[in-house]
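Engineer:
There are 2 protein chains.
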Amino acid sequence: MVAPQQALDAAVQVFWSEGYDGASITRLSRRMRLPKASLYQAYGDKEGLFLASIARYAETRLAPLAQTLGPHGSLAADLRAFFDAATRLATADPATPGCLISCVLADAAGTNPRLRVELAARFTALETRLHQRLVAGQDELTSPTDPATLAVLLASVARGLMLRARAGADHATLQAVGRAAVDLLCPPDKPTTAR
Amino acid sequence: MVAPQQALDAAVQVFWSEGYDGASITRLSRRMRLPKASLYQAYGDKEGLFLASIARYAETRLAPLAQTLGPHGSLAADLRAFFDAATRLATADPATPGCLISCVLADAAGTNPRLRVELAARFTALETRLHQRLVAGQDELTSPTDPATLAVLLASVARGLMLRARAGADHATLQAVGRAAVDLLCPPDKPTTAR
DNA sequence: TGATTTGCAGAATGATCATTCTGAAAATCA
DNA sequence: TGATTTTCAGAATGATCATTCTGCAAATCA
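Chains as they are written, first to last, in my numbering: chain A, 647 to 841; chain B, 647 to 841.
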């Protein structure tokens with residue numbers, strides 16, 4: 647018997663690298679070191695196991711990412727930390743590029759209503775967290791656009807980077823893009839010199 | 647017998663709304679009004695039909711989108727036209743939210759090497775086009791970041807918007823996000839008033 | 001130790017799918 | 001009109017998959 651967290655970590659790995667449809671119960675069962683019968687006993691069906699994997703992934707991978715937003719330092723510094731962590735997550739393991747939610751769940755949600763609800767909730771959660779941080783550092787924002795829209799914009803950039811990582815982009819490129827996004831929102835030094 | 651373009655348009659529709667795995671040959675055949683035998687005769691296999699659908703989609707949906715970049719007017723105006731067109735494409739038909747390439751091909755590429763190559767090529771094509779436009783309007787850019795990185799950033803925003811549309815976001819929200827991205831790159835009026 | 005329960009690996013089931021095949025209807029041509 | 005080719009709808013095939021079932025081996029307990 648393996649600790650349930652370790653089993654779930656294995657499931658996360660399999661779903662993340664092979665996708666929802668691509669991950670067969672037989673391989674999941676083997677990699678989790680959990681017999682099929684116990685697997686169905688514990689999670690009900692494949693969808694239930696996937697949702698549990700999403701929750702585990704959010705806990706272990708996304709929570710630390712949200713942590714980087716602090717507030718710890720300046721808005722620019724915190725956002726830079728956030729994008730650095732996101733791009734590192736997306737490129738850390740060549741077997742699992744991108745993001746389980748932005749890439750795998752987003753796909754599966756296309757044909758499964760329950761997964762679509764889950765996806766919408768996860769997307770909204772990130773946007774809410776970003777919005778909160780932007781409001782906390784509102785005086786450091788030079789953009790006249792309202793923070794709610796900027797939060798969706800930053801979340802969209804993050805998701806676009808995840809897609810790009812899935813399609814094969816190295817960490818350096820993605821990191822540069824993330825930093826460029828932050829620099830646009832919070833001009834690095836002199837507010838504007840060109841003109 | 648139906649004109650091949652109309653048949654392909656039907657295939658695009660089916661793949662776009664149901665995904666690569668989700669679209670069964672039986673349904674494709676029916677919606678294309680093309681018997682299975684003729685379908686295999688014409689496209690080889692499901693993967694070939696999908697690639698042909700991608701090409702048709704690029705011709706009919708993405709080419710006009712790239713057209714908006716001109717150069718027609720100012721960089722800001724052209725980029726705004728581009729994002730407006732992209733968000734309209736992503737939300738025009740509730741049956742087919744998002745983008746066939748960013749959402750459907752991006753998923754299928756996860757487990758299929760040939761489709762991965764196709765995805766990388768399509769992604770790069772958009773980035774090249776954006777880069778070209780940014781360079782043409784370089785004097786209108788206030789950001790110190792190099793245009794190549796900004797091009798990947800803009801492409802990432804567009805893809806993030808496509809994902810968000812797939813997860814259910816209305817056109818108004820996405821349009822506002824797209825415009826916010828353009829405003830960050832090309833400040834709308836006074837370069838900076840705050841601070 | 002012997003009886004009873006639990007845990008497990010893989011076989012059995014039933015469904016779905018891509019791909020190929022078939023036989024009849026429709027169209028073409030002499 | 002009669003012979004020949006084309007076209008097609010759906011059946012046949014073989015593979016894969018999620019889910020359930022089965023029979024045995026290990027563990028537990030008296």
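Cβ coordinates follow ideal geometry from the N, Cα and C atoms, glycine included.
A quick note: this is a predicted structure, and the numbers were derived from the prediction, not measured.
If we ignore side chains and look at the alpha-carbon of each, how far apart do P833 (chain A) and A766 (chain A) end up?
Structural biologist: Here residue 833 (chain A) corresponds to residue number 187 of the first sequence, with the count starting at 1. Here residue 766 (chain A) corresponds to residue number 120 of the first sequence, with the count starting at 1. Rounded to the nearest angstrom, the two C-alpha atoms are 31 Å apart.
Engineer: Got a sec: is the Cβ-Cβ distance from A738 (chain A) to anything in chain B below 7 Å?
Structural biologist: Here residue 738 (chain A) is taken as the residue at index 92 of the first sequence, counted from 1. For A738 (chain A), the answer is no, since every Cβ of chain B falls outside 7 Å of its Cβ.
Engineer: On a CA-only basis, which of B:T770, B:G690, B:Q821 and B:A738 is nearest F729 (chain B)? Give me that one, please.
Structural biologist: For the purposes of this step, residue 729 (chain B) is taken as residue 83 along the second sequence, with counting starting at 1. Per the Cα distances, B:Q821.
Engineer: With a 10 Å radius around its C-beta and 16 neighbouring C-beta atoms as the bar for buried, classify S720 (chain B) as buried or exposed.
Structural biologist: In the second sequence, residue 720 (chain B) corresponds to position 74, counting from 1. Flag for S720 (chain B) reads exposed.
Engineer: In the DSSP assignment, the alpha helix (DSSP H) including I700 (chain B) goes from what residue to what residue?
Structural biologist: Translated into positions along the second sequence, residue 700 (chain B) becomes position 54. Counting along the chain, the alpha helix (DSSP H) containing I700 (chain B) begins and ends at K692 to Y703.
Engineer: How many Å lie between L685 (chain A) and R676 (chain A) at the Cα?
Structural biologist: Position 39 of the first sequence, counted from the first residue, corresponds to residue 685 (chain A). Position 30 of the first sequence, counted from the first residue, corresponds to residue 676 (chain A). Going by the C-alpha atoms only, they are around 10 Å apart.
Engineer: Would you check if the distance between the CB atom of G806 (chain B) and the CB atom of G806 (chain A) is smaller than 7 Å?
Structural biologist: Taking the first residue of the second sequence as 1, we reach residue 806 (chain B) at position 160. Taking the first residue of the first sequence as 1, we reach residue 806 (chain A) at position 160. Closer than 7 Å, so yes.
Engineer: Tell me whether T770 (chain A) sits in a helix, a strand or coil according to DSSP, three-state version.
Structural biologist: Counting from 1 along the first sequence, the entry for residue 770 (chain A) is found at position 124. Note: T770 (chain A) maps to helix in three-state DSSP.
Engineer: Is it the case that the Cβ atoms of R762 (chain B) and A771 (chain B) are separated by a distance below 7 Å?
Structural biologist: Mapped onto the second sequence, residue 762 (chain B) falls at position 116. Mapped onto the second sequence, residue 771 (chain B) falls at position 125. Contact: no.
Engineer: With burial defined as no fewer than 16 other Cβ atoms inside 10 Å of the residue's Cβ, what is the status of G665 (chain B): buried or exposed?
Structural biologist: Looking up residue 665 (chain B) in the second sequence gives position 19. Counting Cβ neighbours within 10 Å, G665 (chain B) comes out buried, since at least 16 surround it.
Engineer: L830 (chain A) CB to nearest chain B CB: under 7 Å?
Structural biologist: Start at 1 with the first residue of the first sequence, and residue 830 (chain A) comes out as number 184. Yes, its Cβ sits closer than 7 Å to a Cβ of chain B.
Engineer: Whole-angstrom Cβ separation of A653 (chain B) and M678 (chain B), contact assumed at under 8 Å?
Structural biologist: Start at 1 with the first residue of the second sequence, and residue 653 (chain B) comes out as number 7. Start at 1 with the first residue of the second sequence, and residue 678 (chain B) comes out as number 32. That pair is a contact at about 4 Å.
Engineer: Identify the contact partners of E664 (chain B) in chain A, using a Cβ-Cβ distance below 7 Å as the criterion.
Structural biologist: Numbered from its first residue, the second sequence carries residue 664 (chain B) at position 18. Those are T757, listed as they occur along chain A.
Engineer: Starting from the C-beta of V803 (chain A), find all residues in its chain whose C-beta is less than 6 Å away, skip the five residues before and the five after it, and write them out in chain order.
Structural biologist: In the first sequence, counting from the first residue as 1, residue 803 (chain A) sits at position 157. Once the five neighbours on either side are set aside, the close Cβ partners of V803 (chain A) are A827.
Engineer: Using a 10 Å radius around the Cβ and a threshold of 16 neighbouring Cβ atoms, would you call P717 (chain A) buried or exposed?
Structural biologist: To locate residue 717 (chain A), count along the first sequence from 1; it is residue 71. Answer is exposed; the Cβ neighbour count stays below 16.
Engineer: Determine, using beta carbons only, whether F619 (chain B) comes closer than 7 Å to chain A.
Structural biologist: Past the edges of chain B, shown from 647 to 841, lies residue 619 (chain B), and the structure says nothing about it.
Engineer: For the alpha helix (DSSP H) that contains G895 (chain A), what are its first and last residues?
Structural biologist: Outside the shown range of chain A, which is 647 to 841, sits residue 895 (chain A), and nothing can be said about it.
Engineer: Under the rule that 16 or more other beta-carbon atoms within 10 Å means buried, what is E705 (chain A), buried or exposed?
Structural biologist: As a first step, residue 705 (chain A) must be located in the first sequence, where it is residue number 59. Classification of E705 (chain A): exposed, given that the 10 Å Cβ count is below 16.
Engineer: Over what stretch of residues does the alpha helix (DSSP H) that includes P650 (chain A) continue unbroken?
Structural biologist: In the first sequence, the residue the question calls residue 650 (chain A) occupies position 4. Unbroken alpha helix (DSSP H) run through P650 (chain A): P650 to E664.
Engineer: Return yes when the Cβ of A797 (chain A) is within less than 7 Å of the Cβ of L897 (chain A), no when it is not.
Structural biologist: Since the first residue shown for chain A is 647 and the last is 841, residue 897 (chain A) is missing from the structure and cannot be characterised.
Engineer: Do A813 (chain A) and L809 (chain B) have their C-beta atoms within less than 7 Å of each other?
Structural biologist: By 1-based counting over the first sequence, the position of residue 813 (chain A) is 167. By 1-based counting over the second sequence, the position of residue 809 (chain B) is 163. Result no, Cβ atoms of A813 (chain A) and L809 (chain B) do not sit closer than 7 Å.
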